[in-house]
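Asks: Numbering (the working numbering), first residue to last: 196 to 579. Starting off with a structure, shown below.
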């Protein structure tokens, strides 16, 4: 069985069990076909990061998962040195474990990709990288001094896995077209049932962790709902998500200030098992985030029979060109968001078109079985 070593700062572990499950889901669904060993990274602040960047300590070692804490300054300072130090620590641990990987997977170009490249060179193994748009775009833009190193990682990687087409194009524009293969790798969603679309209602829904209301751009969305209401008088709005008392108060205040209190329902936390049923009766799911690497909730909505409005140039942009049921809107323009919402509500063909998509290979590519198959095949091509 092919042995894959993963380096990720976004993996639920003993130190931070609440991290996103995007990568954990991929590891789990391919566990019967690949032998995985995950090194989960957690940065530690403090003076040691300046003196010994990359100094690493093992917090916990379980079957297939090693939780590491490494010292490094904030804001990506001394980033290359700290990632090289992480690579050295992993190499030493691998020797102690007698684990000889066939391929190394760094789960972001901007951080773990540096460690994966260093480790691969040390061990004489191939490495692959993922592209996570939000962090990768932000860090790569800020760290112009590391341009050549990032460019080398980009071209040396045996395979690149962008979460979405838009970040692949962004990296191509920055580093040049790759000589090696690239394969889109959508995130596996928590709930992937396919629910037939219902007859159009006048309900707009959205869902997010309320603590992140600013990045999720709730201000622009409620302004857009207020504009759309002028054209759709019976409009209703519902929000799923929980957060701190402070965040909940901010969300409530935004809704009230926009004059939407009487048409808005705050549903609180909706479980992953129930979220698709909660979405199913809405006319449209809208989430015009300022930054969004992928946005699994968009795929959950489409599989639940609910058309989406997503932010241009981020999230799932590039997957749905020309699709009526997936409309891009300028996240900085409430009027543009409102226009997309109204168009979705008024359309007589949008949900039949969505139903056809649900039965197509284009929809199947977002299901876990397809994603797992694509990943296993790509890893196999690297190690042959």
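Glycine included, every Cβ here is placed at the ideal spot set by N, Cα and C.
1) Between residue 558 and residue 366, what straight-line distance do the alpha-carbon atoms span, to the nearest angstrom?
2) Could you pull the start and end residues of the beta strand (DSSP E) that residue 237 belongs to?
3) Among 384, 227, 369, 429, whose alpha-carbon lies nearest the alpha-carbon of residue 562?
4) Looking only at its own chain, which residues have a Cβ that is under 7 Å from the Cβ of residue 408, when we skip the five neighbours before and after it?
5) According to DSSP, is residue 300 part of a helix, a strand, or is it coil?
6) With DSSP as the reference, label residue 433 as helix, strand or coil.
7) Under 6 Å Cβ to Cβ from residue 419, same chain only, skipping five residues before and after it: list those, please.
8) Beta-carbon within less than 6 Å of residue 487's beta-carbon, same chain only, minus the 5 sequence neighbours each way: which residues are those?
9) Which of the three DSSP states, helix, strand or coil, is assigned to residue 417?
10) Apart from the five residues just before and just after residue 294, which ones in its own chain have a Cβ nearer than 8 Å to its Cβ?
11) Tell me, please, which residues DSSP counts as bridged to residue 202.
12) May I ask you to list the residues that DSSP assigns as paired with residue 291?
13) Between residue 395 and the rest of its own chain, which residues show a CB-CB distance below 7 Å, the 5 nearest in sequence each way excluded?
14) For residue 502, which of helix, strand or coil comes out of DSSP?
15) Enumerate in chain order the residues of its own chain whose CB-to-CB distance from residue 578 is below 6 Å, with the five nearest sequence positions on each side excluded.
16) Does DSSP classify residue 462 as helix, strand or coil?
17) Buried or exposed for residue 333, going by 16 or more other Cβ atoms inside 10 Å?
18) To the nearest angstrom, how far is it from the Cα of residue 308 to the Cα of residue 482?
19) Grab me the residues of residue 485's own chain with a C-beta within less than 7 Å of its C-beta, minus the 5 sequence neighbours each way, in chain order.
20) Is the stretch 256–268 touching the stretch 311–331, taking contact as three or more C-beta pairs under 8 Å?
21) Within 8 Å, do at least three Cβ pairs link the stretch 269–280 to the stretch 213–226?
22) Under 9 Å between the Cβ atoms of residue 502 and residue 519?
23) Does the stretch 371–378 come within contact of the stretch 492–499, defined as at least 3 CB pairs closer than 8 Å?
Replies: Concretely, from the data shown:
1) Translated into the one-based positions of the chain shown, residue 558 becomes position 363. Translated into the one-based positions of the chain shown, residue 366 becomes position 171. Rounded to the nearest angstrom, the two C-alpha atoms are 26 Å apart.
2) Within the chain shown, residue 237 is the residue found at index 42, counting from 1. 230–239 is the extent of the beta strand (DSSP E) around residue 237.
3) The residue labelled residue 562 in the question sits at position 367 within the chain shown. Nearest C-alpha to residue 562: 384.
4) By one-based count along the chain shown, residue 408 stands at place 213. Counting only Cβ-Cβ distances below 7 Å, and skipping sequence neighbours, we find 442, 445, 446.
5) Residue 300 sits at position 105 when you count from the first residue of the chain shown. In the structure shown, residue 300 sits in a strand (DSSP, three-state: E or B).
6) Taking the first residue of the chain shown as position 1, residue 433 is located at position 238. The answer is strand: DSSP assigns residue 433 an E or B state.
7) Position 224 of the chain shown, counted from the start, is the residue given in the question as residue 419. So the qualifying residues of the chain are 529, 532, 533.
8) Start at 1 with the first residue of the chain shown, and residue 487 comes out as number 292. Hits under 6 Å: 509, 510.
9) Taking the first residue of the chain shown as 1, we reach residue 417 at position 222. Residue state, collapsed to three classes: helix.
10) On the chain shown, position 99 is the one that residue 294 refers to. Around residue 294: 198, 200, 232.
11) On the chain shown, residue 202 is found 7 positions in, with the first residue counted as 1. According to DSSP, residue 202 bridges with 234, 301.
12) In the chain shown, counting from the first residue as 1, residue 291 sits at position 96. None; residue 291 has no bridge partner.
13) Locating residue 395 in the chain shown gives position 200, where the first residue counts as 1. Around residue 395: 478, 540, 546.
14) Within the chain shown, the letter at position 307 stands for residue 502. DSSP places residue 502 in coil when its eight states are reduced to three.
15) The sequence position of residue 578 within the chain shown is 383, counting from 1. Cβ neighbours of residue 578 beyond the five flanking positions: 197, 297, 298.
16) Counting from 1 along the chain shown, the entry for residue 462 is found at position 267. Correct three-state label for residue 462: strand.
17) Mapped onto the chain shown, residue 333 falls at position 138. So residue 333 counts as exposed.
18) Within the chain shown, the letter at position 113 stands for residue 308. Within the chain shown, the letter at position 287 stands for residue 482. Each residue's Cα considered, the two are about 29 Å apart.
19) Position 290 of the chain shown, counting from 1, holds the residue named residue 485. So the qualifying residues of the chain are 410, 412, 526.
20) no
21) no
22) Along the chain shown, read from residue 1 onward, the residue named residue 502 stands at position 307. Along the chain shown, read from residue 1 onward, the residue named residue 519 stands at position 324. Contact flag set, yes.
23) no
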